[in-house]
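Colleague: I'd like to ask you about the structure that follows.
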Amino acid sequence: MAYYVLLTNFTDQGAKTVKDTVKRAEAFKEMAAKSGVKVHSLYWTLGQHDVVAITEADDDIAATALSLSIASLGNVRTQTLRAFDANDMAKVIAKMG
1 MAYYVLLTNF TDQGAKTVKD TVKRAEAFKE MAAKSGVKVH SLYWTLGQHD VVAITEADDD
61 IAATALSLSI ASLGNVRTQT LRAFDANDMA KVIAKMG
């Protein structure tokens, strides 16, 4: 399983209906589960991004499909980052020349 960080910003549509954001977050978690993606945590944030989610998926395809699925609803734009825990990073370092 691989980890992903989703950096999310409200679109104009999402900002206009921001009072529904908690309901949309629950729908996101359900959509993720159906896609085989586990949502470890989800936070509303101050600063450059409105919402940050930490997820785990089998592969980049599952994570990207989830990001595109939520973006297609029109309430948010996402940027998905592949994240590495200490074990994964040790493997990366071991392969360095």
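Each step along the sequence shown adds one to the number in full-length UniProt numbering, with nothing skipped, and position 43 is 43. Cβ atoms here follow ideal geometry from the backbone N, Cα and C, with glycine treated the same way.
1. Would you kindly check if the distance between the Cβ of T45 and the Cβ of T64 is under 9 Å?
2. If you follow the alpha helix (DSSP H) that N87 is part of, which residue opens it and which one closes it?
3. Any contact of the region 84-95 with the region 26-40, i.e. 3+ C-beta pairs under 8 Å?
4. Would you call the CB atoms of residue 128 and A32 closer than 9 Å?
5. Chain B beta carbons: is any one of them nearer than 9 Å to that of V51?
6. Where does Q13 fall in DSSP's three states?
7. Give the single residue among K91, T17, A71, V92 whose Cα lies nearest to the Cα of T8.
8. Where does V18 sit, in a helix, a strand or coil, going by DSSP?
9. Hey, how far is the Cα of G47 from the Cα of T78?
Modeller: So, to answer that:
1. no
2. 86-94
3. no
4. One cannot answer for residue 128 here, as it falls past the ends of the chain, which runs 1 to 97.
5. Protein chain content of the structure displayed is limited to a single chain, and chain B is not contained in it.
6. helix
7. A71
8. helix
9. 15 Å
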